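Here's the structure, in structure tokens; my notes come after.
Chains as they are written, first to last, in the numbering used here: chain A, 1 to 421; chain B, 1001 to 1421; chain C, 2001 to 2421; chain D, 3001 to 3421.
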């Protein structure tokens, strides 16, 4: 498993490459060709498309420019499996990815094998070179898609009422109740963002100073039991604590609980990658939108932390990145008790912040096609921090900025409130 | 192959059953599990769904009520594969049929085998009985879905730009130009509709009198060459000959040619079940909507024939039902010359009539759930007559009334104009 | 008041012209400039627009071609107040008619006076001429818009919750209950449609033969009390009697009663041009769509009459056109008892027929721009017969064919059922 | 005219009240009752509604609670003219404000007079009291609506193609070209936001520290000539410089120039409140969205300033608030040269910042219904600073935060770029 994303020699780079690529394939276990073609909404992509698009990245950015003898697997794939990169040319429309019955799964698996073989050959024959960073970027890109693969297939199987469709068989973990506590932080001029020493996306840089007032941060995320109290207090029926846009969206979509909840015979259940399970009151609440997280906080007289506050807290009180991440194989959030301080800052659930996704002071987009990766999305989205149970360990950093629209709920997203002190 | 749809003994009935069921499976040749899951629009259904729904019909209406020991294959299928029948209970929403990755194709094939086995057992052990008509209805129902299977998969593969997706490999037929001629018919009190002697749908009955004025009918359908003249005369850009609703629809959908046409390197091509082919100017035009057919006729100083006129003409001048039907295996319309009289009244392309689909005088809907079959749709649709290259021979009759919305184009639909005399 | 729409001399023609034009203005009594600008839905037009468009007709088709010295009032009006006529040029988009604050009401009234003056001058100085028929057509056109003026302003004021917006003050009429009876008609070859002797629209001609089976027709329209029975039997909640398209529409629009009904303090009320009134159980039900009329009939084991049946019945049993028409000034349907035979075939409510609006055998559209008047709409609409309490007497004939889409309810539309015998 | 929004005695308060109220009425000069009913899009409100809603504010928050003998003008107005305040009860739906022909204009003018009379009486008889702040809030609220009145009527008249609809007659001002210069600012810990000394909205407080890096700010806004260069360089056709959401929106809406521009006989024109005028290349560009402002900056290798940067620059280099504001009566942006430093920081055009509208550290929403005023909108909107030619002088402050959605263009919005140094 990829531990350090920046390899110092080709051998290490190739081993990292092979580990990440193998893990993607492992995610398809138990899924049929039909399952891997499902696209349940425009935001989500078919599993087959994730398998192909991550491969396309290496073909387009590594093999085509750097491996002169590389035989293109199929010229049409350049069009079919481009995701956003305008600079690379036209692309198949995103909401229609589910219409691609052809190429079929076996052809995509051949495509992966073909590209893997040629990347292997390139790295074997070459000294570490300019494109090493691009390979590492490709691996981080693929790890992002590993998480999306899980969230997308969960959403797709959820649509299907047949036989409680499921992907995995894992046993639920039983949680103990925890006390609600807040850790305090003083007013200060702090530093956040990524330095240039190891791999980071362009949007995490530059490292920069920011002034913060004193604040407190919950030592653990909000639990299902706390969310049930919000529901029972008519949280989804009272406009008071909601943002205006959030309330409109909640009414239109008829939200009455987190995305994957249902009441069955008077008992709350939750859809998981292992099918429907009884809701555990002490587990972290998950699959909530920014709008819901924000309304919950206002209802509870809390607020969401800013991105700066969150990162400052993590750097100072939770310096080691550890928690329930995708490597555990248990892709359902759990609460991971620690003796003192902040609990589960990393893993379990992504935590919504109050901060719109925006450029850091001095931000410079990556050059070339990769420059379309993050900067293009700096409007209307909010930053999430900390990773989830579906995030590979190797792609996480304190400075990692995940971002989604405030109405989106199909990611493993939860909430850790803050207060002024 | 089912020749006479009304069997006189169980042995014949079973042979008919087996022939129709086998033909449905034969249509899937060359298609992957992924192909059979495609749903390209709400009007169309996945191939897998057609395989299951036609089977559901026999389980629901034959085996459940008449075979007391019959073990239901899977209780959830009753919900998943109901198409319209409100009386049978709730059903999976039509536009979401493409989301059913599960049950997968192998389970559907088992389902078919299971039901076939039990229908076989029932018919072997029983004397001909009350449900014989229901079995025949089920076979006609399945033949309708055979045609829809072809039109739906054609539409689905058409969406996919990858490698000129295709289903079959058949060689195009080269047509000779024909002269445009009209046959004349005198004013008369005629009789149309189905008697009760052999199988017919409820909407074809009762046989009844109707008065018609003198008229003429083209001896053959309009050809691609004639349609090109319409296009070149700015037929798709001039509101003059169009119905108001038709013009609005054509503008919204940006129609500029029949559904499956494209101009490639200055040459017109047509998408077929064998992929893209050069347009044959002398073949009948196909995949046009009622709106287009009607506009073409007004542009050419013709009009569409009424349903009564069409059936009167067929009964009197084309009494034998013969032409290019699905049994030919060539699922692309051709022109079938005959020495004299009306050419290709049956087969090749369905022919739009000017008649809205409405009840015949004295119409009575079938009793029970089957009563929801036709009468429910008697608004906003127009009648088509004569069958197409994708219609099984055994389901065709002079009285057969096919019906679609005036904007729909994915059926094998063409036009044979009439005039007043 | 215009009694005979075909005048034999210019003096009579001018008196007819002045009477119709004056009546249009009289309809605006009690309405403000703001009321006359309301457009509550794309189907409806502002009152100001009706005032202008009916004037435009005379300017465009009479004064411009026939009065050589005529000074155009304002060149832009030709664009602003064209309704459908493509042949006359582009036009202001229909759904945006409510955005025309300018020209303001006083300018439109000047426009009317200007055109009236010049039409008066033309008719005074000229012998009866070719354009006389066009003038008569313009008067019939204006009478159609008089009815639309009333239905549109009713719909617009209904949207406004302020002070029970109303247009008129008329006292409700109290009805007596009537027995439900049917009149019987024998199978026959009948004749319907308009001859060429007096004014008729193109779609009413030619007079032609049609064969009908024996049938019965209700002597009076369905009443509110009968409709309440349908509601109480869950008529709006049971898909059984509904057409498929009708049921979908009723669900989407959440129909639970006729358009202008509401339950207020446990009592049914009806919005009228004189504001909200208690529902009279014995008055004819009004403001129902074709879909509702059809579902009601199937629920009650009746059916809708065809257009041929209706006209045959009217010609034979109700030869004089009399009933509650717009001339009464009581623009709310009432039941008009007669001693025997069919009651209220004319006036009170338009009666939905089972017949789609389609060309009669031998139909020829009017030549020129007026040819766009009716033939353009011969798809997806159903014929209504008999006129309503908002229809001017002078525009009604047995052969008159009104037509609307099956979901539309804002006209004064009701239902008179038929049965087979 | 209201100079200082916080009065120290009732006499001054009343004079301020009368001045603001009179100015609102003055804006209606030249507009008909029909003009004042126009609602051209859900974002905009009819002029009549602005007249009523601003009056409703004083009735609801001042007279009802504080004037015990106050006779409510009309109980239904409480429902009709509530804008957002959920705490005050239900309200008429925003997109349907244009349907309110009743109450008519004369009733609304009576309503204003009635409320003005009673506010006058209250302030005359009373010593300065608790509600004084509410009166001042009401005046600021009304000044906001004065600006919206202008932007909304401009948008409404723009829809009307009739006779170049216009509101005013003012002569265009001819500008001289200016050099593009940038002012430099050093890295610092600065202070922004409003103290509690005088009137401010809740979202402007508290005053707080913020750290900024060194930056430069354009001394003047971007001009029309510069925008034309962007258009001519295919700025609206190249996705490169656009945010992803912005590009999608620009494509859907087919943007090709700022909102009110058109090319007429090969010459660019601009729609103004005085009708169509030739575009002045040296005037500031106006009526652009955030998406366009941001794309322009990236195309020109600039960026948008943050809210903190903008306010820091204004406080330090443009301490006096002066410029082309609404009080000038010239409601079309002009360039106001000053000798040195930043030009036109206030007035002329609102300037988009890069900052999402979000709570300041320690933000507390106003208590009661007024708390719904700003905090509800803290998602998906961006901050604009500096006021426009339609903003009353008396409502402007350095700390004033205007906010709109990034796609909105009907405000007087422009752009002043920044760079890193």
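We put the beta carbon where it would ideally sit given N, CA and C, even for glycine.
In this text the structure is predicted, and so the values were computed from the model without any measurement.
Burial state of residue i, where buried means 16 or more other Cβ atoms lie within 10 Å
{"i": "residue 3143 of chain D", "result": "buried"}
{"i": "residue 2376 of chain C", "result": "buried"}
{"i": "residue 3197 of chain D", "result": "exposed"}
{"i": "residue 2072 of chain C", "result": "exposed"}
{"i": "residue 3125 of chain D", "result": "exposed"}
{"i": "residue 3155 of chain D", "result": "buried"}
{"i": "residue 1264 of chain B", "result": "exposed"}
{"i": "residue 262 of chain A", "result": "exposed"}
{"i": "residue 2341 of chain C", "result": "exposed"}
Residue span of the beta strand (DSSP E) that contains residue i, given as start and end
{"i": "residue 1191 of chain B", "result": "1188-1192"}
{"i": "residue 1377 of chain B", "result": "Looking at the DSSP string, residue 1377 of chain B is not in any beta strand (DSSP E), and its letter there is neither H nor E."}
{"i": "residue 2156 of chain C", "result": "Residue 2156 of chain C -> not in any beta strand (DSSP E); alpha helix (DSSP H) instead, spanning 2132-2159."}
{"i": "residue 1208 of chain B", "result": "1208-1212"}
Chain A residues whose Cβ lies nearer than 8 Å to that of residue i
{"i": "residue 1099 of chain B", "result": "38, 40, 156, 159 and 160"}
{"i": "residue 3380 of chain D", "result": "245, 380 and 406"}
Residue range of the alpha helix (DSSP H) that includes residue i
{"i": "residue 3197 of chain D", "result": "Here residue 3197 of chain D belongs to no alpha helix (DSSP H), and DSSP marks it neither H nor E."}
{"i": "residue 3010 of chain D", "result": "3010-3026"}
{"i": "residue 3125 of chain D", "result": "3105-3125"}
{"i": "residue 69 of chain A", "result": "From DSSP, residue 69 of chain A is part of no alpha helix (DSSP H); its letter is neither H nor E."}
{"i": "residue 3291 of chain D", "result": "3290-3299"}
{"i": "residue 1055 of chain B", "result": "1047-1058"}
Listed by chain order, chain D residues near residue i by CB distance under 9 Å
{"i": "residue 210 of chain A", "result": "3210 and 3211"}
{"i": "residue 354 of chain A", "result": "3358, 3359 and 3378"}
Contact set between residue i and chain D, taken where Cβ atoms lie within less than 8 Å
{"i": "residue 2032 of chain C", "result": "3033, 3101, 3102 and 3104"}
Residue i: contacting residues in chain D (beta-carbon distance under 7 Å)
{"i": "residue 2237 of chain C", "result": "Under the 7 Å cutoff, chain D gives no residues; its nearest Cβ is about 27 Å from residue 2237 of chain C."}
Contact set between residue i and chain B, taken where Cβ atoms lie within less than 8 Å
{"i": "residue 96 of chain A", "result": "1159"}
Contact set between residue i and chain C, taken where Cβ atoms lie within less than 7 Å
{"i": "residue 3080 of chain D", "result": "2162"}
{"i": "residue 1420 of chain B", "result": "2362"}
Listed by chain order, chain B residues near residue i by CB distance under 9 Å
{"i": "residue 2377 of chain C", "result": "1243, 1244 and 1245"}
*Are there three or more Cβ pairs, one per stretch, closer than 8 Å when the segment 1204-1222 of chain B is compared with the segment 1262-1279 of chain B?*
no
_Beta carbons nearer than 8 Å to chain C: which residues of the segment 1133-1144 of chain B have them?_
none
*the segment 1177-1208 of chain B: which residues have C-beta closer than 8 Å to a C-beta of chain C, in chain order?*
1189 and 1208
*Looking at chain A, which residues of the segment 3358-3369 of chain D have a Cβ within less than 8 Å of any of its Cβ atoms?*
3358, 3359, 3361 and 3362
*Cβ pair count under 8 Å reaching 3, the segment 2248-2263 of chain C against the segment 3024-3033 of chain D*: no
*asked:* Give me the subset of the segment 3254-3270 of chain D whose CB atoms are less than 7 Å from a CB atom of chain C, sorted by chain position.
replied: none
*Flag this pair as touching only if the segment 395-415 of chain A and the segment 290-297 of chain A have three or more C-beta atom pairs under 8 Å; answer yes or no.*
yes
*asked:* Check whether the segment 1073-1082 of chain B and the segment 1167-1179 of chain B touch, using three or more Cβ-Cβ pairs below 8 Å as the test.
replied: no
*Please confirm if the segment 299-315 of chain A is in contact with the segment 379-390 of chain A, defined as three or more CB-CB distances below 8 Å between the two stretches.*
yes
*Please confirm if the segment 3097-3108 of chain D is in contact with the segment 3045-3054 of chain D, defined as three or more CB-CB distances below 8 Å between the two stretches.*
yes
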